[in-house]
Every structure is written in structure tokens, then in C-alpha cells.
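Colleague:
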Amino acid sequence: MLKNYLTIALRTLRKQKLYSVINVFGLALGIACCVLLLLFVADELTFDTMHTEDDRIVRISRISLTEDGQPDGEPATPYMPIPAGPALVEDIPEVEAAVRLKRFRKLVRHGELTVEDPVVFADPAILTVFTFPLRAGDPATALSQSGSVVLSEAAAQRYFGEEDPMGQTLEVQFEGEFEPFTVTGVAAVESNSTVNFEVLLPFERIYDAHPWMISRADAFTWSSTITYVQLREDASLAAVEAKVPAFLETHYGPHVDAMRESGFWTSDTLPLDYFLQPLADIHLNPDVRPGLTPPSNPLYAKILAAIALAVLLIACINFMTLAIGRSAARAKEVGVRKTIGARRGQLLRQFWGEAFLMTVLGLGLGLVLAVLFVPAFNGLTGKELSLGLVNPAWAAGALAGITLLTGLVAGSYPALMLSRLKPIETLKDRVRLGGANVFTRSLVVVQFALSVFLLVGALIMSGQLAYLQTRDLGFEDDNVAVIDVGDLHGDQVLERYRTALAGEASLRGFTGTSIAFGHGTSSVGFPYKGRDVEVVEYRVAADFVERMRMELLAGRDFNPLLASDSTDAVLINEALAREFGWADPLGQVVEGFRGEGEGPTVIGVVRDFNFRSQHLAVEPAVLTLDPNQTIEYVLARIVPGHTPEALAALEASWAEFAPDLPFSYSFLDEDLAAFYENEARWAEIVRYATLFALLVACLGLFGLASLAVAQRTKEIGIRKVLGASVGSIAALLAKGFAGLVAVSGLIAAPLAYLAGQRWLEGFAYRIDLGPGVFLLAGGLALLVALLTVSAQALRAATADPVQSLRYE
Amino acid sequence: MIQTIDLSKVYTADEVETTALNNVSLEIKSGEFIAIMGPSGCGKSTLLNILGLLDTPSGGQYLFDGTDISGYSERQRSQLRKGTLGFVFQSFNLIDELTVYENVELPLLYLGLNGDERKARTEAALDRVGMAHRRKHFPQQLSGGQQQRVAIARAVVASPQLILADEPTGNLDSQHGDEVMKLLAELNEAGATIIMVTHSPADAEFAHRIVYLFDGHVVSENFMQKEYALPS
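Protein chains in written order, with my numbering: chain A, 1 to 808; chain B, 1 to 232.
1) Can you list the residues of chain A that Tyr110 (chain B) reaches, using a CB-CB cut of under 9 angstroms?
2) Please list, in chain order, the chain A residues whose beta carbon lies closer than 7 angstroms to that of Asp55 (chain B).
3) Would you identify the three-state DSSP class for Ala217 (chain A), choosing helix, strand or coil?
4) Pro133 (chain A): buried (16+ other C-beta within 10 angstroms of its C-beta) or exposed?
5) At a CB-CB cut-off below 8 angstroms, which residues of chain A make contact with Gly83 (chain B)?
6) If contact is defined by three or more beta carbon pairs under 8 angstroms, each pair taking one atom from either stretch, is the region 104-115 of chain A in contact with the region 142-159 of chain A?
7) Give me, in chain order, the residues of the same chain whose beta-carbon lies closer than 7 angstroms to that of Ala777 (chain A); leave out the 5 immediate sequence neighbours on both sides.
8) For Phe692 (chain A), tell me which candidate among A:Ala329, A:Phe373, A:Pro124 and A:Gly509 has the shortest Cα-Cα distance.
9) Would you say Thr381 (chain A) reaches chain B, if we count a Cβ-Cβ gap shorter than 8 angstroms as a contact?
10) Please decide whether Ile69 (chain B) counts as near chain A, where near means a Cβ-Cβ distance under 8 angstroms.
11) Quick check: the region 9-29 of chain A against the region 354-362 of chain A, are there 3 or more CB pairs under 8 angstroms?
12) Count Cβ pairs between the region 325-338 of chain A and the region 60-73 of chain B that sit closer than 8 angstroms; are there 3 or more?
13) Please give the ranges of any beta strand (DSSP E) in the region 561-587 of chain A, keeping only runs that are unbroken, at least 3 residues long and fully inside the region.
14) Quick check on the DSSP output: the beta strand (DSSP E) that includes Ile36 (chain B) runs from which residue to which?
15) Hey, is Glu715 (chain A)'s beta-carbon within less than 8 angstroms of any beta-carbon in chain B?
16) Starting from the C-beta of Met196 (chain B), find all residues in its chain whose C-beta is less than 6 angstroms away, skip the five residues before and the five after it, and write them out in chain order.
17) Go through its chain and collect everything with a Cβ distance to Gly509 (chain A)'s Cβ below 7 angstroms, but skip five positions before and after it.
18) Buried or exposed, going by whether 16 or more other CB atoms sit within 10 Å of the CB of Ala655 (chain A)?
19) Considering just the uninterrupted stretch of the alpha helix (DSSP H) at Gly486 (chain A), what are its terminal residues?
20) Check the Cβ-Cβ distances between Ile95 (chain B) and every residue of chain A, and say whether any is below 8 angstroms.
21) Look at the alpha carbon of Glu495 (chain A) and the alpha carbon of Asp487 (chain A), and state the distance between them as a whole number of angstroms.
22) Taking C-beta to C-beta, are Ala98 (chain A) and Pro81 (chain A) nearer than 8 angstroms?
23) From the DSSP secondary-structure annotation, give me the bridge partner or partners of Ile767 (chain A).
24) Between Lys15 (chain A) and chain B, is there a C-beta pair that is closer than 8 angstroms?
25) Check whether chain B comes within 8 angstroms of Ala793 (chain A), counting only Cβ atoms and requiring the distance to be less than that.
26) Would Phe178 (chain A) and Val149 (chain A) qualify as a contact pair, given that the criterion is a beta-carbon distance under 8 angstroms?
27) Looking at the structure shown, is Tyr212 (chain B) part of a helix, part of a strand, or coil, going by DSSP?
28) Taking the beta strand (DSSP E) that Ser64 (chain A) belongs to, which residues open and close that run?
29) Count the other C-beta atoms from every protein chain shown that fall within 10 angstroms of the C-beta of Leu734 (chain A), then say buried if there are 16 or more, exposed otherwise.
30) Would you call the region 100-108 of chain A and the region 206-218 of chain A touching, i.e. three or more CB-CB distances under 8 angstroms?
31) Please specify which runs of the alpha helix (DSSP H), each continuous and at least 4 residues long, are wholly inside the region 283-365 of chain A, giving them in chain order.
32) Determine the burial state of Trp394 (chain A): buried for a count of at least 16 other Cβ atoms within 10 Å of its Cβ, exposed for fewer.
33) Kindly indicate which three-state DSSP category Ala163 (chain A) falls into: helix, strand or coil?
34) Indicate whether the contact test is met: 3 or more Cβ pairs, each with one atom in the region 126-141 of chain A and one in the region 43-60 of chain A, closer than 8 angstroms.
35) Does the beta carbon of Arg420 (chain A) come closer than 8 angstroms to any beta carbon on chain B?
36) Give a yes or no on whether 8 angstroms exceeds the smallest Cβ distance from Phe87 (chain B) to chain A.
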């Protein structure tokens with residue numbers, strides 16, 4: 001019997017080639033999409049699961065507290081004092097081991113090859129606390145010698161190629177000198193681990209690389225290393241947490257007492273608390289600032305899973321609508337089978353079986369497509385996903401699940417409907433199936449509603465991102481190179497550049513600031529007339545406003561010749577004037593800014609400029625020439641189109657006055673674009689998902705249109721005999737489908753509006769959602785749908801009417 | 001074998017009631033060959049469908065081997081259909097995607113017979129209708145007469161007690177029609193009970209008895225002047 005079913009299924013497939021191709025290809029696209037997105041979700045959910053002791057590993061983070069002991073609202077940070085890790089092991093018996101990590105970019109050399117690579121300094125326990133299987137070497141001792149280096153497999157390949165790296169020498173540049181290290185291990189490092197490395201050195205060597213850190217080695221007041229601890233097997237997290245307050249009192253108490261004495265802190269409580277974060281919580285908790293890897297918002301994994309299911313659903317609907325359209329052809333078979341004794345259950349099994357067969361074919365092709373798309377998808381998501389990396393049991397389960405779900409859903413309506421047919425009706429051609437069927441129409445509406453929803457989403461995201469890129473930020477961000485002066489004195493670097501490159505044709509001039517836009521902010525909090533205010537401060541070069549092409553709304557710019565301008569003058573932004581309630585800010589004193597009762601005088605007001613991400617509204621800010629602070633970033637404005645020459649000149653000049661230090665630069669517009677990297681990536685993913693969804697929906701529509709044409713052959717013939725034109729018949733056929741797409745648009749628009757509005761609320765500066773984007777999405781969907789059905793409609797309309805009537 | 005008592009069938013569509021059968025009482029004995037005749041719309045096919053358990057009567061009784069089956073569920077009817085009844089249609093109703101052999105084998109699959117037995121019976125049925133040499137062909141590759149012979153092979157392959165034929169020669173030319181009728185007559189002589197709906201007086205002559213229907217009534221029954229022996 002099974003053979004009979006299979007025979008008939010395969011012969012039907014072969015006979016109805018167009019439908020089979022549409023069905024299998026549609027399912028394959030849906031499944032490919034699903035596989036890729038599930039791969040992403042699986043990667044997100046399996047972060048850090050390779051570490052076999054994961055339930056005993058905890059990362060320590062700090063939360064700042066206000067005077068009344070409440071969190072101050074800022075995210076927790078995973079950067080900890082250098083001595084915190086060892087002190088935790090010492091003081092709290094439940095803590096068995098601590099691993100401190102600190103990453104720096106360093107020049108690494110092997111023979112001729114010199115590469116700038118991230119180098120991680122870590123306590124030797126990293127190889128025993130975490131699970132990094134060593135291809136060579138012993139985890140217990142690999143990092144215990146101060147001259148040891150452990151490489152990831154990728155790094156070993158990069159430096160040593162096919163050679164055996166064990167025992168070989170690799171050099172790392174410390175303070176301008178290359179230090180030799182002996183390779184003592186090669187570790188398998190997976191990309192979905194929050195702790196990872198390419199080049200791993202013993203933590204103690206960090207003091208050789210950065211001697212200034214020696215003075216911080218025992219300080220609890222300076223935080224810079226990421227610290228993980230491993231708990232004893234029998235210890236609970238709660239037990240450790242209970243001992244943290246005493247630990248904090250011991251190590252931070254003396255410092256806080258000093259703060260209290262000098263009046264910086266008045267509360268009995270401490271200004272900070274530790275937050276113990278289990279390993280499994282780290283990746284999907286965006287409330288803690290990034291450690292070695294950025295955390296991910298679990299919402300995105302959920303949205304992706306939903307998109308994957310939506311695309312698969314659209315493919316399933318294709319299967320259903322096509323099967324319904326084809327059912328007239330299958331009805332006779334059902335009649336015959338029932339007449340000679342088939343029970344309904346047997347027919348259900350047969351038709352569901354066919355759906356599964358189709359799904360399995362779709363799965364095969366879908367997997368091929370998925371493999372082909374993986375590199376592009378990795379580029380899109382910034383991940384290193386591979387079908388081969390997934391746990392086989394997991395993968396088999398997921399694929400079986402996808403197949404089962406797809407087959408069940410796709411086969412449901414055909415199986416239920418066809419098996420219910422009455423034999424005498426089917427044998428006498430009395431059944432009316434497909435086409436005008438309300439159910440079929442609803443399915444098409446659901447498909448296009450999903451497509452329009454995604455389309456609107458993609459348009460909104462692209463629109464908003466384009467708006468952010470082109471919006472006037474209050475300064476000109478293009479063609480500005482940002483040079484990080486590092487440990488050098490910025491004011492001197494700025495002067496040297498100005499002198500050395502005064503005549504350089506590719507450069508339009510220099511200025512400087514304490515923090516370049518996009519590199520963070522520094523703010524001063526103080527009481528102003530009885531309430532606490534917070535003001536962002538930039539120590540700038542005197543010509544900053546002019547060079548950055550900011551707009552001075554009132555007053556005057558800094559005058560470098562006036563000594564009082566460096567000590568007693570500020571430029572403020574509009575936000576500050578609003579915050580302080582100044583109708584006429586010129587001449588006002590920012591009281592409290594330099595300590596009690598004192599402050600600089602406002603000499604000018606600058607139009608609001610977006611120094612932070614446009615997710616946030618512009619906050620009060622001042623520009624000062626305060627000589628107690630230094631410039632940390634030199635900004636060079638480049639003549640458009642001359643970037644390579646400008647960079648060469650900047651680097652050559654740098655090499656003259658700082659030959660030992662690497663020339664490190666970025667571009668201001670790229671720094672600012674980094675704020676929207678996440679959104680840009682998401683917009684890209686949604687754009688592709690929309691393309692997939694629309695493509696699959698159109699495949700279905702194409703099939704449905706050809707069926708509709710086949711079913712209306714007689715009607716079309718009669719109309720033509722009665723004198724209908726080709727145009728009127730094509731329009732007749734297209735109209736029905738256009739109506740369905742219009743209904744889809746009406747359903748999708750309000751939902752897309754709500755979702756889009758919600759997404760836009762994350763931005764302080766955003767586009768208005770007018771009807772334009774909805775009309776555009778609806779128009780696009782309609783256009784694509786009409787193009788899809790027009791070929792079929794035209795074919796039917798131009799056919800010879802005698803041909804179509806002869807069938808009767 | 002079959003007895004109907006006051007069998008009636010009423011179709012209701014959009015508030016219009018159509019009486020297709022009105023108090024039809026018939027008795028058909030085992031081994032009989034009955035032809036049902038009458039003008040279009042007289043209820044011939046409706047009667048055949050009810051007798052063939054493809055449709056249910058609106059009223060009256062249908063006794064099959066003495067059991068009233070007029071109230072049977074679809075499941076019970078399908079159970080009784082398979083193995084007991086064989087059907088031959090005007091439009092052959094072969095499954096296009098299956099070969100001649102597979103079409104004939106299909107009822108045996110639903111009966112759950114094993115492979116060897118299926119093969120033996122299918123071959124025998126094909127031999128009987130003279131279609132064994134075409135077993136690998138698909139229906140579209142055959143002439144109408146050949147298709148109908150395959151359909152007859154399918155109808156008899158499970159050795160049913162009763163064969164129902166709905167205008168079996170309606171789509172055939174006279175020569176092929178004659179062949180098909182001779183085949184049915186042979187099957188009847190071999191013991192099968194046959195009920196046939198037909199428009200053709202020539203075909204009806206193959207039957208032992210002709211039942212005339214008009215507007216859903218039996219208007220006359222005409223015994224052909226032919227000898228036949230009821231099985232004891």
C-alpha cells in the first residue's frame with residue numbers, strides 16, 4: 001500500500017511539474033530561511049555551554065549605588081579592580097579560583113610575519129576553569145610559566161601554518177620591544193564563548209607590557225580587568241552573595257572612609273555593590289556592559305524565530321493553496337478509491353504522506369540553499385555560524401521538528417478536504433473546488449499580510465537609518481579623522497601637527513577635544529540653585545566650534561588671546577540654557593561647576609549638537625578651555641577626496657614625533673555610525689527576510705493564478721466569443737488578486753504601524769510615520785503581485801476561445 | 001440477495017425539493033442480470049448509487065442479504081463495499097497516474113491481501129478481460145474499449161457478489177460496446193449478479209430482466225424471453 005501511495009505521489013509530482021517545482025522550491029526557501037535563523041537562535045542560546053563547569057562559573061560586576069543605597073541607574077560594569085579576584089579566593093571559602101582577563105591590541109611577530117592581534121592576559125586557571133580543549137599541551141600547566149603563550153587554533157594556523165607550533169617562539173611587543181614567548185598550548189576556542197582569545201599570555205606579564213599598571217596592582221579604586229570566579233562544587237551562589245557585603249566593607253571601607261572625611265560621600269552605606277552573574281546569564285543580559293564580547297538582547301532572537309516561522313508559514317500556505325487548486329484533478333482519484341473501499345483514514349494518510357514527501361524534498365533542497373547562504377548570513381549577523389558546528393542530535397531534532405510541523409500544517413487542509421469528498425459527487429464532476437473558495441482567499445491574504453508587514457518594517461528601518469545618517473547633527477562629521485593621542489600630551493600633539501602640516505594640501509586644519517564624539521562622554525554633576533544637575537563637559541581647542549562647523553547662535557567664540565577665556569569662560573548648548581531656565585544665557589554664571597559657588601561665565605550659545613547616539617536626546621553640555629584638562633583626541637579635517645594622502649601625511653608626521661607609538665585613528669562619521677550598527681544589521685536582516693517572504697508568497701500566487709486561469713477557461717472562452725477584449729479579460733483575472741492584496745495591506749498596515757512606532761520610540765530623533773511608507777509598501781506588494789499574475793492572465797486572455805470551449 | 005421496500009430519495013437544494021426516487025420496491029436474486037432503463041432524469045443513476053452503497057436513501061428500507069443497511073454509516077458502507085461490490089462506470093474512472101496493473105490491483109490493496117495473492121488475482125482478472133499484455137500501460141495510452149475492460153477487471157478482481165454498471169457502453173463505439181457487454185454476460189454466467197443502468201435497448205437485451213423507471217417510479221418490469229438458471 002505504501003508503495004502504491006509513493007508511486008502515485010511521485011507520478012503526480014512528475015506530471016504536474018510547475019506545481020511541484022513551485023511547491024518544493026517554496027518549501028525549500030522557507031526551510032532554508034528557517035534553518036539559518038534557527039542556527040542564529042541556537043548560537044545565541046548555546047553561548048558558553050561548551051564550558052562543562054558552567055554552573056559553577058560566575059562573573060563579578062559592579063553596580064554604582066547612590067547615597068541612599070539604591071542603584072544609580074547606570075548599567076552594571078564587568079570591569080573590576082585587579083586585586084579583587086585573588087581577594088575573593090582568599091576571603092570567601094566558597095570561591096575556589098579566580099580568572100582575571102585583560103585584552104590589549106599588540107603587535108605579534110613570528111619570523112617575517114607581524115600582525116596586530118588582540119592579546120588576552122589571563123590567570124593560568126583560565127584553562128582549567130573554562131573548557132578550552134587543548135589540541136596540544138596540558139591545561140594545568142600550559143600558562144604557568146611566565147614565558148608561555150597559548151594560541152587558539154586559528155592563531156596557530158595564522159602564525160605557523162602547517163608547522164607544529166608547540167615549543168616554537170612567538171614575539172609580542174611590550175613597550176616598543178619584542179618579547180619572546182614559547183608556545184605551550186593550542187586551544188579550541190569557539191566563537192560563542194563570552195571568554196575567548198587568539199593569543200593568551202600569563203596575567204602577571206601585563207605589568208611588563210604596561211608598567212603604569214604596577215601602581216594599580218593592589219588598588220580597589222581602579223577597575224579594569226574582567227573577573228570570573230569558580231565556586232566550589234558544593235557551594236551555592238547565595239552563600240557567596242551573603243559574604244559579599246563583608247568583603248566590600250573590608251576592601252572598600254578604608255577608601256570610602258577617606259571619601260567621607262573629605263565630604264565626597266556622606267552615607268553610611270557603600271557607593272557600590274557586586275553583582276554575581278552566572279555564566280549562563282551573561283550573553284543574553286544586555287543590562288551589564290560588554291565584557292570581551294558584547295551581550296545580545298534576547299528580544300532579537302525571539303523576533304528572528306518569529307520571522308523564521310512566518311516565512312515557513314507562508315511556504316506552507318503555498319502548499320495548501322496549490323493543493324486546493326489541484327484538488328479538482330485529485331477528486332476523481334478520491335472517488336475511485338472510496339468506491340472500491342478506501343476508508344477516510346487511509347486517504348488522510350495518503351495525502352498527508354504526500355505533503356511529507358514534498359516537505360522532505362523541500363528539506364533537502366532547503367539544506368543545500370542554507371549551506372549556500374551561510375557565508376552571506378554570517379556577513380549579515382557578524383557571527384561565525386556553520387551547519388557543521390551544530391550538535392548533531394540537536395540538528396536532527398530541529399530538522400525533524402521542522403519537517404513534521406511543515407508536513408502537518410501544509411498537508412492538513414488538502415488531506416482533510418480531499419478525504420471528505422463524496423464519491424458520487426467526485427465521479428460526476430459535481431465538486432466545486434479551489435479558486436473562489438473563501439479559505440483559499442484567506443490564505444493568500446495571510447501570506448500577503450505577512451509580506452506587507454515585513455515590507456513596511458524594512459522600509460521604516462531603512463528610512464530611519466537613512467534619516468540618522470543624513471540628519472544635521474549640529475556639526476559636520478564627514479571627512480574628519482580622529483587621532484587618539486594615547487599617552488602623549490594632546491595639546492602638544494595638536495600644536496606639532498599644526499606646525500608640521502600647515503602647508504599640507506590634503507588637510508583643511510586641526511582641532512582637538514578631551515573626548516571625541518562617539519568615544520564616550522564625561523560629565524560633571526553638581527547642585528545648581530538647590531537641585532542636582534549633570535552637565536557634559538568637553539575640553540576643546542579654541543577653534544573647535546569653527547573647525548567642527550558648529551553654529552554659534554549667540555555671543556562669541558573662544559578667543560585664544562584672552563587668558564580669562566581659558567579659566568572663566570564656557571560655551572553652552574541650547575539644552576543647557578533650557579535646563580537652567582535661562583532666557584538670555586549670555587553672561588550667566590554656571591554656578592557650582594567648579595566647586596561651591598564658583599563657575600565660569602557663559603560667553604556664547606552653540607546650537608544643539610548630537611555628541612552621543614541619536615537614540616538619546618541632546619543633554620546639557622559645555623565647551624571649555626580648562627587648562628587642568630588635556631586634549632586626548634586630535635581632529636583633522638580632510639579635503640574631500642584626498643583621504644589617502646591626508647592619512648599618509650598624518651602618519652608620517654606622527655612617526656616623527658612619536659616613533660614608538662602606533663598611529664591610531666578612526667573616522668568621525670564611522671565612529672558615530674557605530675551607534676547604529678546593531679540597528680543597521682537588523683534592518684539588513686529584515687530586508688532579506690522580506691525578500692524571502694515576498695518571493696515565496698509570489699511563487700504561491702503564480703501557481704494560484706495559473707490554476708484560476710485553468711478553472712475559468714470555459715468562462716473566458718464564452719466571454720471572448722461574446723466579444724470581450726484581451727485587456728478586459730486580463731483585468732478581470734488580475735482584479736481578483738489585486739483585491740486580495742489590498743485587503744492584506746489593510747490588515748498589515750495597523751499592525752506594522754504599531755510595531756514600527758514601538759521600534760522608533762527607541763530613538764530620540766526619528767522619522768514621522770506618515771501614510772507614505774504604507775502606500776509604498778502596499779503599492780510594491782500590489783505591483784509584485786500583479787506582475788506575478790499578469791503572465792497567466794495574458795496567456796488566458798490571448799488564447800483561442802474555440803480551444804477553451806472544446807473541453808466541454 | 002437484494003430487496004428494497006418503498007425506497008425514496010429526495011434532493012433539497014435552495015428550497016426546491018426534487019424527488020429522484022419514489023417508493024421503489026424491487027427484489028433482485030443472486031445470479032440475476034438486471035438492466036435499469038428510462039429517460040434522462042428518471043432516477044436510474046440514483047437508484048444504482050443507493051444499491052451500490054455510494055448514496056443513502058431518504059426513506060424506505062434496503063435489505064442486503066436480509067440485513068437492513070439503509071442506516072449504515074459511511075464506515076460500515078465502505079466496509080461492505082470493498083470485496084462485496086464491483087463498479088463499472090460510463091467514464092471508466094481509472095486513475096491516470098497508475099498503470100493498468102496497478103489500477104486493477106488497487107481494490108486488493110484496500111482488502112489487505114498479501115503480495116502473492118494480489119499478483120495471482122490481478123493477473124487472472126487481466127487475463128479474463130484480455131488486457132494482460134497491456135499491464136504496464138497507463139490509461140491514456142489505451143482506447144476507450146480497452147479502458148473499460150480494465151475497469152471491468154478492476155470491478156471483478158476482488159470477486160464481488162454484485163457488479164454495478166452505470167452505462168458501461170455509453171462512451172464506446174458499437175463494436176467496443178459489444179465486446180464489453182459480452183464480457184459482462186460472461187461474468188454473469190460465471191455467477192456474478194449484475195445491475196446495469198443503460199439507455200441502449202441493445203445492451204438491455206443481454207439482461208434477464210429490464211426495470212423501467214419514470215419520474216422516480218418503477219413503471220414496468222419486463223422479463224426477457226431467456227433461460228437462466230438461478231444457482232441453487
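From the three backbone atoms N, C-alpha and C, an ideal C-beta is built for every residue, glycine too. Keep in mind it's a predicted model, so treat the numbers as computed, not measured.
Modeller: Per the coordinate set shown:
1) Tyr110 (chain B) reaches chain A at Met1, Arg337, Ile340, Gly341, Ala342, Arg343 and Gln346, counting residues in chain order whose Cβ is nearer than 9 angstroms.
2) For Asp55 (chain B), the chain A residues whose Cβ falls inside 7 angstroms of its Cβ are Ile424, in order along the chain.
3) Shown here, Ala217 (chain A) sits in coil according to DSSP, grouped into three states, outside any helix or strand.
4) A residue is called buried when at least 16 other Cβ atoms come within 10 angstroms of its Cβ; Pro133 (chain A) does not meet this threshold and is exposed.
5) Chain A residues near Gly83 (chain B): Gly341.
6) Output reads yes: the region 104-115 of chain A touches the region 142-159 of chain A.
7) The answer, listed in chain order, is Val452, Leu455, Val456 and Leu459.
8) The option with the nearest alpha carbon to Phe692 (chain A) is A:Phe373.
9) Chain B, which has no Cβ nearer than 8 angstroms to the Cβ of Thr381 (chain A), makes this no.
10) Taking Cβ atoms only, chain A never reaches closer than 8 angstroms to Ile69 (chain B), which makes this a no.
11) Counting C-beta pairs closer than 8 angstroms gives three or more between the region 9-29 of chain A and the region 354-362 of chain A, which meets the contact rule.
12) Output reads no: the region 60-73 of chain B does not touch the region 325-338 of chain A.
13) Listed in chain order, the complete beta strand (DSSP E) runs (minimum 3 residues) inside the region 561-587 of chain A are 569-573.
14) From DSSP, the beta strand (DSSP E) with Ile36 (chain B) extends over Phe33 to Met37.
15) Residue-level contact check: Glu715 (chain A) does not touch chain B, since none of the beta carbons of chain B fall below 8 angstroms from its beta carbon.
16) Leaving aside the five residues that flank Met196 (chain B) on each side, the residues in its chain whose CB is nearer than 6 angstroms to its CB run, in chain order, Ala35 and Ala165.
17) Result list for Gly509 (chain A): Arg547 and Arg637, in chain order.
18) Classification of Ala655 (chain A): exposed, given that the 10 Å Cβ count is below 16.
19) Where Gly486 (chain A) is concerned, there is no enclosing alpha helix (DSSP H), given that its DSSP letter is neither H nor E.
20) It does: the Cβ of Ile95 (chain B) has a partner Cβ on chain A nearer than 8 angstroms.
21) Using only the alpha carbons, I get a separation of about 16 angstroms.
22) Pro81 (chain A) sits away from Ala98 (chain A), with the two beta carbons spaced by 8 angstroms or more.
23) In DSSP, Ile767 (chain A) forms no bridge with anything.
24) By this cut-off, Lys15 (chain A) is an interface position.
25) No, no contact with chain B.
26) Taking 8 angstroms as the cut-off, the beta carbon of Phe178 (chain A) is found no closer than this to the beta carbon of Val149 (chain A).
27) DSSP places Tyr212 (chain B) in strand when its eight states are reduced to three.
28) Residues Ile57 to Ser64.
29) Rather than Leu, the amino acid found at residue 734 (chain A) in this sequence is Ala. That one is buried.
30) The region 100-108 of chain A makes contact with the region 206-218 of chain A: 3 or more CB pairs, one atom from each, lie closer than 8 angstroms.
31) For the region 283-365 of chain A, whole alpha helix (DSSP H) runs of length 4 or above, ordered along the chain, are 298-339.
32) By the 10 Å Cβ count, Trp394 (chain A) comes out exposed.
33) For the sequence presented, residue 163 (chain A) should be read as Glu rather than Ala. Coil at Glu163 (chain A), not helix or strand.
34) Two segments are said to touch when three or more pairs of C-beta atoms, one from each, lie closer than 8 angstroms; by this definition the region 126-141 of chain A touches the region 43-60 of chain A.
35) Not one chain B Cβ lies under 8 angstroms of Arg420 (chain A).
36) The beta carbon of Phe87 (chain B) sits closer than 8 angstroms to some beta carbon of chain A.
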